[in-house]
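A.B. asks: As numbered in numbering that gives the first Met the number 0, residues 0 to 184 make up the sequence shown, in order. The structure under discussion is supplied below as structure tokens; questions concerning it will follow.
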Amino acid sequence: MFDGRNNIPYIERESTSPLGVYGRSKLKGEEFIQESGCSYIIIRTSWLYSSFGHNFVKTIGRLSSEKDELKVVFDQIGTPTYARDLATAILTIIQNDQFIDRKGIYHYSNEGVCSWYDFAIAINEYFGNDCHIRPCHSDDFPAKVTRPHYSVLDKTKIKNDFGIEIRYWKDSLCKCVELLKQNNS
0 MFDGRNNIPY
10 IERESTSPLG
20 VYGRSKLKGE
30 EFIQESGCSY
40 IIIRTSWLYS
50 SFGHNFVKTI
60 GRLSSEKDEL
70 KVVFDQIGTP
80 TYARDLATAI
90 LTIIQNDQFI
100 DRKGIYHYSN
110 EGVCSWYDFA
120 IAINEYFGND
130 CHIRPCHSDD
140 FPAKVTRPHY
150 SVLDKTKIKN
160 DFGIEIRYWK
170 DSLCKCVELL
180 KQNNS
């Protein structure tokens, strides 16, 4: 949604400036919902992962068990979001009828800030792997997609409007890795 030029967390009402097709399509979806005239709550998130599907946590967990060394970018900053925590927040809003007579865009991710490198270090540690994780620049991994260098979301609005308590990203990561380890044994 945002171009990554900020150095403070993005609030919901800031101007959007998606860097690629994926971001522009998400923004278009938001615009269609808003223009429909329906009652809505849109929740933006970032760096989503879970014990299901393909995602960064599962990939780094696997690669760090197979390789002696990995390079991971350190110049992209954001906040991981555990899908289970996001789902719990959504259920809290729905089950308490807090969405009635509300309309708007909200941000949700876990608390704290890290780089993809920091995230990979924690994943490697929680899986108990001995892989050496080395920091590198985004330019070391030329990609077809431009990613924002800073994508931290401000969650003040969702916490204030719905009384949502949000866990620190490392605590949530630890829970996810524990679940993955249980499922693999």
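By construction, the Cβ of each residue, glycine as well, lies at the ideal position given by its N, Cα and C atoms. Note that the structure is predicted; figures quoted are calculated from it, not measured.
(1) Can you list, in chain order, the residues of its chain whose CB lies under 8 angstroms from that of residue 111, leaving out five sequence neighbours each side?
(2) Helix, strand or coil for residue 9 per DSSP?
(3) Here's the rule I'm using: 16 or more other beta-carbon atoms within 10 Å means buried, otherwise exposed. How should residue 127 be labelled?
(4) Could you work out which residue in 40, 146, 123 is closest to residue 138 when comparing CA atoms only?
(5) Residue 181 to residue 50, Cα distance in whole Å?
(6) Since residue 37 is in the beta strand (DSSP E), which residue starts that stretch and which ends it?
(7) Nearest CA to the CA of residue 6: which residue from 80, 74, 44?
(8) Which residues does DSSP pair with residue 68 in a beta bridge?
(9) On the criterion of 16 or more Cβ atoms from any shown chain inside 10 Å, does residue 93 qualify as buried, or is it exposed?
(10) How would you write the range of the beta strand (DSSP E) that residue 105 sits in, first residue to last?
(11) To which residues of the same chain is residue 29 closer than 6 angstroms at the C-beta, ignoring the five residues directly before and after it?
(12) Is residue 22 helix, strand or coil by DSSP?
(13) Output yes or no for whether 8 angstroms exceeds the beta carbon distance between residue 119 and residue 69.
(14) My assumption, with CB atoms under 8 angstroms, is that residue 106 sits in contact with residue 157. Please give the rounded CB distance.
(15) May I ask you to report which of helix, strand or coil DSSP gives residue 114?
(16) If you follow the alpha helix (DSSP H) that residue 50 is part of, which residue opens it and which one closes it?
C.D. replies: In this structure, then:
(1) Walking along the sequence shown from the start, residue 111 turns up at place 112. Within the same chain, and ignoring the five residues on either side of residue 111 in sequence, the residues whose Cβ sits closer than 8 angstroms to its Cβ are 78, 167, 168, 169.
(2) In the sequence shown, residue 9 corresponds to position 10, counting from 1. Of the three classes helix, strand and coil, the one that applies to residue 9 here is strand, per DSSP.
(3) Position 128 of the sequence shown, counting from 1, holds the residue named residue 127. Burial call: exposed.
(4) For the purposes of this step, residue 138 is taken as residue 139 along the sequence shown, with counting starting at 1. The residue with the shortest Cα to Cα distance from residue 138 is 146.
(5) The count along the sequence shown starts at 1 and reaches residue 181 at position 182. The count along the sequence shown starts at 1 and reaches residue 50 at position 51. Their backbone Cα atoms lie some 11 angstroms apart in a straight line.
(6) Taking the first residue of the sequence shown as position 1, residue 37 is located at position 38. Premise fails: residue 37 is in no beta strand (DSSP E) and is neither H nor E.
(7) Position 7 of the sequence shown, counted from the first residue, corresponds to residue 6. Cα-wise, what sits closest to residue 6 is 74.
(8) Locating residue 68 in the sequence shown gives position 69, where the first residue counts as 1. Residue 68 is bridged to 131.
(9) Sequence index remark: in the sequence shown, residue 93 carries index 94 (1-based). It is exposed - the Cβ of residue 93 has fewer than 16 other Cβ atoms within 10 Å.
(10) Counting from one through the sequence shown, the residue named residue 105 turns up at place 106. Counting along the chain, the beta strand (DSSP E) containing residue 105 begins and ends at 103-106.
(11) For the purposes of this step, residue 29 is taken as the residue at position 30 of the sequence shown. Around residue 29: 41.
(12) Position 23 of the sequence shown, counted from the first residue, corresponds to residue 22. Correct three-state label for residue 22: helix.
(13) Locating residue 119 in the sequence shown gives position 120, where the first residue counts as 1. Locating residue 69 in the sequence shown gives position 70, where the first residue counts as 1. By the CB criterion at 8 angstroms, residue 119 and residue 69 fall inside the cutoff.
(14) Stepping through the sequence shown from its first residue, residue 106 is reached at position 107. Stepping through the sequence shown from its first residue, residue 157 is reached at position 158. At roughly 6 angstroms, the Cβ-Cβ gap stays under 8 angstroms, so residue 106 and residue 157 are in contact.
(15) Start at 1 with the first residue of the sequence shown, and residue 114 comes out as number 115. Taken through DSSP and simplified to helix, strand or coil, residue 114 comes out as strand.
(16) Translated into the one-based positions of the sequence shown, residue 50 becomes position 51. Run containing residue 50: none; DSSP gives neither H nor E here.
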